[in-house]
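Structure first, then comments.
In this note's numbering, the protein residues as written are 33 to 693.
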């Protein structure tokens, strides 16, 4: 029978009506494979994945194919967002076997979980030289029955490769100032003329551009600033950005940011909100400020769930007449613009948004881009009218699963963007639902927490989010939440469960007391999201300032581990580089209450580079304010670069001078 109906994963529930006898990953499922002496068919995907839907419709809903799957295999379905540990292990196996990976991921395993054949999408019939899924199933069954020794040999080799690959970063020297400069030069040299890096498909380099901006603020380097700003503008004006409702799609299928893969992920938008809020705050760029504001609105309006958490994603597809159509909600023709706006505004909108007769997408439709700076009043009116019509169209599905790490990233971004009430609501949901005082869970659905353990990235991102809130509210008598205490408890639990006891500053991605898998995953490289290793480095870097010096040695050791990654593959170390820039700057600003405090605090936050610590409150209300009070009744700011601190300053101009030292 299909056993997915009670899952806390919307993705798994999407498959609950398949004729496939799906079950979740459990010890019982592996034991069943051993008892039946059949291989495991492991399918990994996620709710917003277009090709996951395609394979489900073509194969998993097909009675004949399902019968073949049920007869020859124990069929296990995994949501990669709920079980990143399993996804990491079997993605590494897929890449090792095929040279590439992706979702849906299709792996065949021994009953002990060792992979012996892996791939991604398979069509229901032979296509373009690729075998059909039924042909693959038949070949795997024959091999399992007739050539078991070959299966054992291959699975053993792959398992050993996976174990060696999880060794972690070597011990080495912390990145020096020259290392950071060299990494930045290498990244800037890879800039694409269309903004960002690489050709199609093109992903938002969120952590990398944040690191470049921090490097510019620390050193004054114009090249890093130029690369970050050009990328920011290209993405904000391209079709990858939702020009009507805010928020970014997961990636562009072209090199010019025109046509997105339409799924919208919480993690992308949290990371990009942080970057655009930082850019807008420091430069006053109207485009960056608007994009940050609209992206924050998108998070709360379109991803908010009851109780305060944020959902995982919006689907790439919209169901139209019973079929999923990619991008159907978002694209327009010139005629549709005229229908909504009238002749004059419709023609104007077609020009402003680059909607052409031939189309930039499929079937003569266009994504919306924004070239130039049109009349802002007219633009706002046109955007509102188009949005009001668009919301009446069929809408993409939403994965309502609340994932800890991505909500942690959003808490940080919302707090740093000044949306403190929204950030607090998310934090209260995650703490109240996912944290029991000792253990953090990965996700919840409808307020019901799942069984999956939190990973290193979950603990680390939540700690940083709580410390971002501590900076915004920690010195306020009116705030009743002790974000610092919660952050310390979660950080201490992370150290106990994820730190490698044999290598100072090295971390595992999965907990020490979690389920025993083929390997214990750890991948220090940053990808579409920051690695657990770089997130815990960031959490510790904030903690040593905000929670106490006891975290300083581990923070330094953890940052030192990133040195080789930054030196050798800087494009794979974007968040590591951002944290290294934060530590190199070492900027702390404490504002003691007094006359004019609100204005001085606002100026401190506007001037603060990315990664700086800014705390405000009464004298002695926070460790950074111990013995630090107002001057002659006026609010005073105390600026420290590492361990070197200024005399108190009481005006914005002098504050700017001290910060820039």
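C-beta: ideal position from N, C-alpha, C; glycine also.
For clarity, every value in this text was computed on a predicted model and none was experimentally measured.
Environment of residue 449 [buried if 16+ CB atoms lie within 10 Å]: Label assigned to residue 449: buried.
In three-state DSSP terms, what is residue 36? Here DSSP, grouped into helix, strand and coil, assigns residue 36 to coil.
At a cut of 8 Å, does the stretch 55-68 reach the stretch 76-96 through at least three beta carbon pairs? Counting Cβ pairs under 8 Å, fewer than three are found: no touch.
Give me whichever residues DSSP pairs with residue 108 in a beta bridge. 55 and 74.
Helix, strand or coil at residue 503 [DSSP, three-state]: In the structure shown, residue 503 falls within a helical segment according to DSSP collapsed to helix, strand and coil.
Whose C-beta lies closer than 6 Å to the C-beta of residue 629 among residues of the same chain, with five residues either side of it excluded? Excluding sequence neighbours, residue 629 sits near 667.
For my contact list, residue 212 and residue 613 are in at a C-beta cut-off of 8 Å; report their separation, rounded to the angstrom. Rounded to the nearest angstrom, the Cβ distance from residue 212 to residue 613 is 6 Å, consistent with a contact under 8 Å.
If I'm right that residue 573 touches residue 587 with Cβ under 8 Å, what's the distance once you round it to whole angstroms? Sure, about 5 Å apart at Cβ, within 8 Å.
What residues match up with residue 694 in a beta bridge as DSSP calls it? Here the chain covers residues 33 to 693 and nothing more, so residue 694 does not appear.
Pick helix, strand or coil for residue 303, following the three-state DSSP scheme. In the structure shown, the three-state DSSP call for residue 303 is helix.
Have a look at residue 250 and residue 446 and give me their C-alpha separation to the nearest angstrom. Each residue's Cα considered, the two are about 24 Å apart.
Within its chain, find whatever has a CB closer than 7 Å to the CB of residue 690; leave out the 5 residues flanking it on each side and keep chain order. Excluding residues within five positions, the ones whose Cβ falls inside 7 Å are 671, 678 and 681.
Between the CA atoms of residue 302 and residue 426 - distance to the nearest angstrom: Looking at the two C-alpha atoms, the distance is approximately 25 Å.
Starting from residue 42, follow the alpha helix (DSSP H) in both directions and report where the run begins and ends. The continuous alpha helix (DSSP H) containing residue 42 extends over residues 42-46.
For residue 262, collect the residues of the same chain with a Cβ closer than 8 Å to its Cβ; drop the 5 residues on either side in sequence, then sort them by chain order. Answer for residue 262: 223 and 227, listed in chain order.
From the DSSP secondary-structure annotation, give me the bridge partner or partners of residue 296. Paired residues: 346.
Mark residue 405 as exposed unless 16 or more other C-beta atoms lie within 10 angstroms of its C-beta, in which case mark it buried. With fewer than 16 other beta carbons inside 10 angstroms of its own, residue 405 counts as exposed.
Count the other CB atoms, across all protein chains shown, that sit within 10 Å of the CB of residue 687; report buried if there are 16 or more and exposed otherwise. Flag for residue 687 reads buried.
Thinking just about the alpha-carbon of each residue, which of 120, 49, 61 and 55 is nearest to the one in residue 95? Minimum Cα distance to residue 95 is reached at 49.
Between 244, 378, 524 and 398, which lies nearest to residue 386 when the distance is taken from Cα to Cα? A check of alpha carbon separations from residue 386 across 244, 378, 524 and 398 identifies 398 as the nearest.
Taking its Cβ as the centre, do 16 or more other Cβ atoms sit within 10 Å of residue 423, making it buried, or is it exposed? Result: exposed.
How big is the Cα-Cα spacing for residue 86 and residue 465? Approximately 34 Å between the Cα atoms of the pair.
What runs of the beta strand (DSSP E), each 3 residues or longer, lie entirely inside the stretch 607-658? If you keep only unbroken beta strand (DSSP E) runs of at least 3 residues inside the stretch 607-658, you get 619-624 and 645-649.
Taking the alpha helix (DSSP H) that residue 248 belongs to, which residues open and close that run? Taken as a continuous stretch (DSSP letters only), the alpha helix (DSSP H) holding residue 248 covers 238-251.
Looking at C-beta atoms only, is the number of pairs between the stretch 283-300 and the stretch 228-237 that lie closer than 8 Å three or more? Look at the beta carbons and you see the stretch 283-300 touching the stretch 228-237: at least three pairs across the two are nearer than 8 Å.
Which partner residues of residue 92 appear in the DSSP bridge assignment? Answer is none; residue 92 lacks a bridge partner.
Give the single residue among 373, 501, 519 and 476 whose Cα lies nearest to the Cα of residue 491. Ranked by Cα distance from residue 491, the options 373, 501, 519 and 476 are led by 519.
Considering just the uninterrupted stretch of the alpha helix (DSSP H) at residue 220, what are its terminal residues? It spans 209-221 - the alpha helix (DSSP H) in which residue 220 sits, taken as one unbroken run.
I'd like to check one pair, residue 298 with residue 343: are the Cβ atoms closer than 9 Å? In this structure, residue 343 places its C-beta atom within 9 Å of the C-beta atom of residue 298.
DSSP on residue 113, reduced to helix/strand/coil? DSSP, reduced to helix, strand and coil, places residue 113 outside both helices and strands of the structure shown, so it counts as coil.
Using only the alpha-carbon positions, how far apart do residue 114 and residue 651 sit? A direct Cα-Cα distance of roughly 44 Å separates residue 114 from residue 651.
Best match in 148, 105, 75 and 410 for proximity to residue 134 [C-alpha to C-alpha]: The residue with the shortest Cα to Cα distance from residue 134 is 75.
Where the alpha helix (DSSP H) through residue 138 begins and ends: It is not in any alpha helix (DSSP H) - residue 138 instead sits in the beta strand (DSSP E) that spans 137-141.
Within the stretch 339-396, ranges of the alpha helix (DSSP H) (whole runs, at least 4 residues): Within the stretch 339-396, the complete alpha helix (DSSP H) runs of at least 4 residues are 366-373 and 375-384.
Residues bridged to residue 431 by DSSP? Answer is 345.
Could you pull the DSSP bridge partners for residue 398 from this structure? 364.
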